[in-house]
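Asks: Residue numbers (my numbering), protein chains in the order written: chain A, 2 to 280; chain B, -13 to 245.
Quick one: the structure is below, and I'll ask about it shortly.
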Amino acid sequence: MAIIDLQNVTYKYPLTDAPVLQNINLQVNEGEFVAVIGPNGAGKSTLCYTIAGFVPHFFKGEITGTVEVAGSESSKSSLHEWVLNVGLAFQNPFNQISGAKYTVFEEIAFGLENIGVPREEMRSRVEEALKLTGISDLADRSPYSLSGGQQQRVALTSILVMQPKVLVLDEPTSQMDPIGTREVFGVIRKLSEQGMTVVMVEHKVEWIAEFADKVVALHNGLVLLEGKPQEVLTSDLLTDKGFGISRYTSVARKAKELGMWKKDMLPVTLDEAVAGFKQ
Amino acid sequence: MHERLSYYVKRDSALHRLNPLTKFILALSIVLISFLSPWYWTAHTLLLVAIVPLCFVGRVSREFFISAIHLIIPAAGFIFFMQAFFQPVGQTIIFKFWFLDITQESLSFAFRVATRIALMISAFTLFLLTTHPSELMSDLTRRGLPGQFAYVIISTLQILPQMQAKAQTIIAAQHSRGLDTESTFLKRAGSLLPLVGPLVFGSLVEVEERAIAIEARGFTSTHVKTFLHDIPDSNLDKVIRWCMVVLVLITLILKIWLS
């Protein structure tokens, strides 16, 4: 059953002429991990904001079509109710720190304070969320004294603690070094394995190939391709339209032209490439 | 770098355990009484019988002493000299310097004003040393202060040092590209202009992102807020608050009655 259901969604930001999203149809099943890829200006972030309710509630502008999550419709709901369905985390971890709290524990409890969760439940939920993302040891630190990867995990934790039905992540590792990236991806993989529905915008195709159940390629506000990671990520269409593709795919494509790649399917990850060349 | 704008010292003391609002009212009433009281020695007395013992009750005497040296004594000293030299009252000249006269009256006036200022800074220093800013804001929110208002105050305390750090980074970046920040005053003032753009516009973008981030965590929720930390508000707190209100009123009545 689709937990996220977008039907013919077209959206224009205020004071602009061209729509950022055009006729988007997207269904995500419960527990599915969907990765969204696309060049700059493709509408990836806008798509995230749309699922998370910030389009149109926060950004205003014109929207047509319907956005449904867990059976309720975004336009008929108010933003503060909607955020309980959909958790949103985005690029810059620094800007996701509320600034109103002095420790990580308090920072994570911030959302629960806002929605009026009783103190005992709040404590146990925060502790549970800290354990889930593996940052219990940071609980008493100041959120501002942490590294980027740690801050992003704090931002993720403070969303998870709200127990959303769906998690929307807009390039959560874009400003991170390899260690930070691994930390954050580790958490996301764990969540996905535990049955969380995840929609994630991401450029790191090798990670996507490993994680995602489905890949959606956006281009100029339109869904260009949608399907299994292997199929979408190795498609010839991507190279022409300025998508970032895996270097292993590029190498294998060249090799195929020279007759050195025997398989039908091009690789995305190192392991696939190695296996293919060994044949 | 990650310094925060807070004087709070974490200790366990009777003063720390008081409700934040009680401490605020305590500090405010001490100041009000010293300004309203018709008696000359009120501020001096309060400094000795209220502030000094409270430093020890709050177990922050060392920190208080440090801020006394850095802030309270210089500020009060400055006020004292300004008032002593420039207050055109009295005839009994005791000291003459160029065109400046120090009279007995101006001296006694200056002593009183400077002590009041010292008392005022001391009272609020003590309040800040023993009260966690977020505890104060949670307490005020619980009492009906709008959450948005509390958020603005408390986040400013944390975000200002971050902005300072960012300004430093931008200056360093411009500097490394040959921007002159070390010659004449005018040139230096002019060189601050390229800083304004990135800092201000950068901050505006950040504000939008931060608004989304806190909104995603139910900031505008219509539920009644709860609080992670229990904020003490004992009967002792209520007694102290009412006593201070009554004392201020008595001083006010005395002032009106005697003048």
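All C-beta atoms in this analysis are idealised placements derived from N, C-alpha and C, irrespective of residue type, glycine included.
(1) My output table needs one value for H220 (chain A): the three-state DSSP class, helix, strand or coil.
(2) Pull up the CB-CB distance for L219 (chain A) and K45 (chain A), whole angstroms please, since I reckon it's below 8 Å.
(3) Taking 8 Å as the cut-off, decide whether the C-beta atoms of A70 (chain B) and I88 (chain B) are in contact.
(4) What residues from the stretch 71 to 101 of chain A come within 9 Å of chain B, judged by C-beta to C-beta, listed N to C?
(5) Spell out whether any CB of chain A is found under 8 Å from the CB atom of H(-12) (chain B).
(6) Work out the CA separation of I209 (chain A) and G228 (chain A) for me, nearest whole Å.
(7) Can you pull out the residues from the stretch 116 to 132 of chain A whose beta carbon lies closer than 7 Å to at least one beta carbon of chain B?
(8) What are the boundary residues of the alpha helix (DSSP H) that includes G1 (chain A)?
(9) Decide if H(-12) (chain B) is buried, meaning its Cβ has at least 16 other Cβ atoms within 10 Å, or exposed.
(10) How is the beta strand (DSSP E) around L259 (chain A) delimited, first residue to last?
(11) Would you say M266 (chain A) lies against chain B (beta-carbon separation less than 8 Å)?
(12) Roughly how many whole angstroms lie between the Cα atoms of I58 (chain B) and V234 (chain B)?
(13) Please list the residues of the stretch 244 to 266 of chain A that have a C-beta atom closer than 9 Å to any C-beta atom in chain B, keeping them in chain order.
(14) For the beta strand (DSSP E) that contains V206 (chain A), what are its first and last residues?
(15) To test your reading of the DSSP string, which unbroken beta strand (DSSP E) runs of 3 or more residues are found completely within the stretch 130 to 216 of chain B?
(16) Among A:M266, A:V269, A:A36, whose alpha-carbon lies nearest the alpha-carbon of T198 (chain A)?
(17) Would you kindly work out how many angstroms separate the C-alpha atoms of A62 (chain B) and M106 (chain B), rounded to a whole number?
(18) Does M(-13) (chain B) come out as helix, strand or coil in the three-state DSSP assignment?
(19) Verify the CB distance criterion: does Y1 (chain A) have a CB-CB separation below 8 Å to chain B?
(20) Going residue by residue through the stretch 4 to 49 of chain B, where are the continuous alpha helix (DSSP H) segments of at least 4 residues, counting only ones entirely within it?
(21) Could you have a look at Q195 (chain A) and say whether DSSP puts it in helix, strand or coil?
(22) The stretch 158 to 172 of chain A: which residues have C-beta closer than 8 Å to a C-beta of chain B, in chain order?
(23) Under 8 Å, Cβ to Cβ, is there at least one residue of chain B near A140 (chain A)?
(24) Given M250 (chain B), which residues of its chain have a CB within under 7 Å of its CB, disregarding the five upstream and five downstream residues?
(25) Identify the continuous beta strand (DSSP E) that holds L7 (chain A) and give its terminal residues.
(26) Would you identify the three-state DSSP class for M177 (chain A), choosing helix, strand or coil?
(27) In whole angstroms, what is the alpha-carbon distance linking L267 (chain A) and I38 (chain A)?
(28) Where does E33 (chain A) sit, in a helix, a strand or coil, going by DSSP?
(29) Could you say which of A:L147, A:V105, A:A110 lies nearest to R203 (chain B) if we only look at CA atoms?
(30) Going residue by residue through the stretch 65 to 123 of chain B, where are the continuous beta strand (DSSP E) segments of at least 3 residues, counting only ones entirely within it?
(31) Name, in chain order, the residues that DSSP records as bridge partners for T65 (chain A).
(32) Does DSSP put M163 (chain A) in a helix, a strand or coil?
(33) Using the C-alpha atoms, what's the distance from T17 (chain A) back to K211 (chain B)?
(34) Taking I239 (chain B) as the reference, give the member of B:S47, B:P24, B:L12, B:S15 with the closest Cα.
(35) Pair every Cβ in the stretch 110 to 122 of chain A with every Cβ in the stretch 189 to 207 of chain B, then say whether three or more of these pairs are closer than 8 Å.
Replies: Checking against the coordinates, here is how it stands:
(1) strand
(2) 6 Å
(3) yes
(4) S79, L80, H81, E82, V84, L85, V87, G88, L89, A90, F91, Q92, N93, F95, N96, Q97, I98, S99, G100, A101
(5) The predicted model places H(-12) (chain B) with a pLDDT of 41, which falls under 50 and marks its position as unreliable; any figure quoted below should be read in that light. Yes, H(-12) (chain B) lies at the interface with chain A (some Cβ there is under 8 Å from its Cβ).
(6) 12 Å
(7) I116, G117, V118, P119, R120, M123
(8) Lying before the first or after the last residue shown, residue 1 (chain A) is absent from chain A, which here runs from 2 to 280.
(9) Unreliable placement is indicated for H(-12) (chain B), whose pLDDT of 41 sits below 50; no coordinate value is reported for it.
(10) Counting along the chain, L259 (chain A) falls outside any beta strand (DSSP E), and DSSP gives it neither H nor E.
(11) no
(12) 24 Å
(13) none
(14) Element bounds for V206 (chain A): not the beta strand (DSSP E) but the alpha helix (DSSP H), 206 to 212.
(15) none
(16) A:A36
(17) 10 Å
(18) The pLDDT assigned to M(-13) (chain B) is 34, lower than 50, so where the model puts this residue is not dependable; a value taken from the coordinates is nonetheless given after this. Coil at M(-13) (chain B), not helix or strand.
(19) The question about residue 1 (chain A) has no answer, for chain A in this structure spans 2 to 280.
(20) 6 to 22, 28 to 32, 38 to 43
(21) coil
(22) S159, I160, M163
(23) no
(24) Nothing about residue 250 (chain B) can be read from this structure; chain B reaches only from -13 to 245.
(25) 3 to 13
(26) coil
(27) 18 Å
(28) coil
(29) A:A110
(30) 79 to 83, 86 to 89
(31) A:T11
(32) coil
(33) 38 Å
(34) B:P24
(35) yes
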